[in-house]
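Reading through the structure tokens given below for one structure.
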Amino acid sequence: MAMKLRPILLVGLLVGCGFSLQAETLALKDGYPSSYRVKKGDTLWDISAHFLRSPWLWPRLWQANPQVSNPHLIYPGDLLTLIWVDGQPRLVREPPTGNRVRLSPRVRIESAIPTISYASIASFTDSQHMVAPSALNDMPYVLGDEDGRSMMVPGRQVHVRGTLKDGELYAVYRPADVVLDNYSGEPLAQKATLVGTLTVAAQLDNQTAIADISSLKQDMRQGDRVLPLPSQEAIAVFYYPHPGPSLAQSHVVTMGREDSIAGKNSVVFINKGQRDGIQSGDLYSVMKPGPGVYDNSGYHQGEPLYSDSASLYQRLVGQPERLPAKPIARLMVFKVYDKLSAALVLDSEDMIRIGYPIGKVKDAGPGS
23 MAMKLRPILL
33 VGLLVGCGFS
43 LQAETLALKD
53 GYPSSYRVKK
63 GDTLWDISAH
73 FLRSPWLWPR
83 LWQANPQVSN
93 PHLIYPGDLL
103 TLIWVDGQPR
113 LVREPPTGNR
123 VRLSPRVRIE
133 SAIPTISYAS
143 IASFTDSQHM
153 VAPSALNDMP
163 YVLGDEDGRS
173 MMVPGRQVHV
183 RGTLKDGELY
193 AVYRPADVVL
203 DNYSGEPLAQ
213 KATLVGTLTV
223 AAQLDNQTAI
233 ADISSLKQDM
243 RQGDRVLPLP
253 SQEAIAVFYY
263 PHPGPSLAQS
273 HVVTMGREDS
283 IAGKNSVVFI
293 NKGQRDGIQS
303 GDLYSVMKPG
313 PGVYDNSGYH
323 QGEPLYSDSA
333 SLYQRLVGQP
343 ERLPAKPIAR
353 LMVFKVYDKL
363 SAALVLDSED
373 MIRIGYPIGK
383 VKDAGPGS
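Note that the sequence shown covers residues 23 to 390 in this note's numbering.
Okay, structure coming up:
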């Protein structure tokens with residue numbers, strides 16, 4: 023039986039920052055189109071990125087347009103056309119004509135497009151959880167079932183070592199990697215993978231409870247940890263993305279999935295959180311480190327060598343010069359923990375890897 027832990031949807035706006043957006047220049051990107059037909063799967067960010075060098079300024083692109091009075095209610099199939107109002111670019115839902123046809127009201131069946139890919143966020147929050155380092159060590163855990171199975175199945179009862187509340191629904195997680203800061207080595211959090219849910223049937227004594235398996239995402243095993251259901255923090259459908267504060271020594275510390283690379287609509291974690299002033303909606307760029315170069319004219323008549331091609335001797339006697347990093351992706355923070363944050367990759371021109379540094383989001387981003 024499949025199960026999902028859906029976060030509460032905040033159908034509205036998160037992180038209002040219109041006053042700060044007004045101070046930024048609304049610059050169109052090179053080769054911008056004159057019109058765009060909205061497709062299924064588009065987001066407001068995607069559409070704005072077709073027109074603007076800074077897609078987070080999308081509220082101003084739709085500003086003061088009666089044709090698009092609420093940019094959150096744009097649907098697949100709508101035709102958006104770029105016009106100019108008082109010297110400023112604006113998007114309208116249809117091109118202005120002298121013979122406008124009046125349409126009778128109709129009910130929209132399809133969903134309005136979101137600001138970003140909410141489906142990608144929901145997919146992550148359905149299966150992953152971050153807890154404080156070592157927090158799982160003292161949590162109740164699955165002892166086993168009465169039939170001696172190492173992997174439990176739905177419809178069976180299991181015994182749990184620990185104190186639980188009768189009749190309560192609990193989440194079951196499998197401990198995963200402890201996430202470390204690449205710079206300081208500090209433990210930032212521990213990953214936990216959602217296995218399923220249990221409903222407590224009875225607390226047998228102070229140390230043991232019996233529970234029914236309510237749902238499973240994967241096989242439940244001995245030693246899986248039993249936690250209260252995660253607090254259902256509001257996850258917004260619509261955001262006002264905005265450039266985040268400057269960060270020192272920040273990098274991609276791990277992926278949302280068990281992958282070594284990430285691209286558009288993937289979830290990644292950066293090694294900064296609440297204690298660093300990070301907030302939901304903060305935008306950053308991901309930088310791809312430049313290649314290492316040995317420029318030892320005494321060895322190769324002045325011809326530089328990439329570090330991958332350098333001899334063992336060169337690697338032992340000197341450090342390569344690192345060429346400048348370049349921005350390859352932009353991401354938006356959507357969930358903030360104490361020491362790290364989860365972010366969605368909004369666009370990317372190359373694959374992101376663990377250890378890639380985080381920089382300030384730039385006007386000239388991927389695809390500009």
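C-beta atoms are modelled at their ideal positions from N, C-alpha and C, and glycine is treated no differently.
Once you ignore the five residues that flank residue 251 on each side, which residues in its own chain have a CB closer than 8 Å to its CB? 27, 191, 192, 193, 219
Return the CA-CA distance between residue 375 and residue 232, expressed in angstroms with no decimal places. 43 Å
Per DSSP, which one or two residues make a beta bridge with residue 305? Bridge partners of residue 305 according to DSSP: 265, 354.
Counting along the chain, where does the beta strand (DSSP E) carrying residue 136 start and finish? Unbroken run through residue 136: none, as it is neither H nor E.
Less than 8 Å separating the beta-carbons of residue 197 and residue 158? yes
Unbroken beta strand (DSSP E) run spanning residue 370, endpoints: 363-370
Quick one: what's residue 291 bridged to in DSSP? 276, 364
Using the DSSP secondary-structure output, state which residues sit across from residue 221 in a beta bridge. 191, 234
Three-state secondary structure assigned by DSSP to residue 147: Assignment of residue 147 by DSSP, reduced to helix, strand and coil, places it in the helix class.
Just how far apart, CA to CA, sit residue 372 and residue 58? Each residue's Cα considered, the two are about 25 Å apart.
Quick check on residue 378: does DSSP put it in helix, strand or coil? coil
For residue 283, collect the residues of the same chain with a Cβ closer than 7 Å to its Cβ; drop the 5 residues on either side in sequence, then sort them by chain order. 373, 374, 375
Just to confirm my understanding: we take residue 167, look at its own chain, exclude 5 residues before and 5 after, and list those with CB closer than 8 Å. What are they? 174, 178, 179, 180, 181
Which of helix, strand or coil DSSP assigns to residue 57: strand
As a quick exercise: from 189, 103, 339, pick the residue whose alpha carbon is nearest that of residue 55. Residue 55 has its Cα closest to that of 103, out of 189, 103, 339.
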